[in-house]
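Each residue of the sequence shown is one higher than the one before, counting from 0 in numbering that gives the first Met the number 0.
By construction, the Cβ of each residue, glycine as well, lies at the ideal position given by its N, Cα and C atoms.
Below is one structure, written out as structure tokens, with a few remarks after it.
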Amino acid sequence: MYLTYADYQNMGGTLDETTFNTFEYEAETIVNWYTFNRLKDETEYPEELARCMFRLIYLAKLEADALLLGKQVTVTRDAEGEVINTAETSANIKSQSNDGVSVSYNSVDASDIFGALSKNSKDNPLMNTVFRYLQGVRNSKGYRLTYRGLYPDE
């Protein structure tokens, strides 16, 4: 774990611990991808990594929230009010009106909002975050974390 929950809270994080753990893992995977796993065997981590992880967790949460836009969640309950089933469907209805009853759903397309996250381009906020915070930072072997080549013993 590159960022502990206590450190996350000290940096001003507001997620609960369970949600934090989910997004911390996501952020750790992103860091490992862009640093070619050069931090996996480390026992001490630089301050820049903690700041990078904090930002990546924020971006991962933002992505998850964006993906929920345009979704409709239907909850089915039994006679006692217990949840039997939940179903998530696309809420493509933009507007509907019938005898005074009006229905409209969010028509925001999450791919428009966060499509750049999956692209490997200069507009990718995940890649930009990793390179912004970890550019020039070295691990205990002296390897630059964002160096795109291979070191002799890698």
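Residue range of the alpha helix (DSSP H) that D6 falls in?
-> For this step, residue 6 is matched to residue 7 along the sequence shown. Here the alpha helix (DSSP H) through D6 covers Y4 to N9.
Ignore the nearest five residues each way along the sequence and tell me which others in N20's own chain have a CB closer than 8 Å to its CB.
-> As a first step, residue 20 is located in the sequence shown; it is residue number 21 there, counting from the start. These residues qualify, in order along the chain: Y4.
Limits of the unbroken alpha helix (DSSP H) element including T18 = Taking the first residue of the sequence shown as position 1, residue 18 is located at position 19. T18 -> alpha helix (DSSP H) spans E16 to Y33.
Go ahead and label R137 buried or exposed: buried means 16 or more other beta carbons lie within 10 angstroms of its beta carbon, across all protein chains shown.
-> The residue given as residue 137 occupies position 138 in the sequence shown. Answer is exposed; the Cβ neighbour count stays below 16.
If we ignore side chains and look at the alpha-carbon of each, how far apart do Y1 and N31 end up?
-> As a first step, residue 1 is located in the sequence shown; it is residue number 2 there, counting from the start. As a first step, residue 31 is located in the sequence shown; it is residue number 32 there, counting from the start. Taking the Cα positions, Y1 is about 10 Å away from N31.
DSSP state of K140, grouped into three classes?
-> Numbered from its first residue, the sequence shown carries residue 140 at position 141. Looking at K140 - three-state DSSP - the assignment turns out to be coil, as it is neither helix nor strand.
Looking only at C-alpha atoms, which of F35, D6 and E62 sits nearest to E184?
-> The first residue shown for the chain is 0 and the last is 153, placing residue 184 beyond what the model contains.
DSSP-derived helix/strand/coil call for N127 = Counting from one through the sequence shown, the residue named residue 127 turns up at place 128. DSSP places N127 in helix when its eight states are reduced to three.
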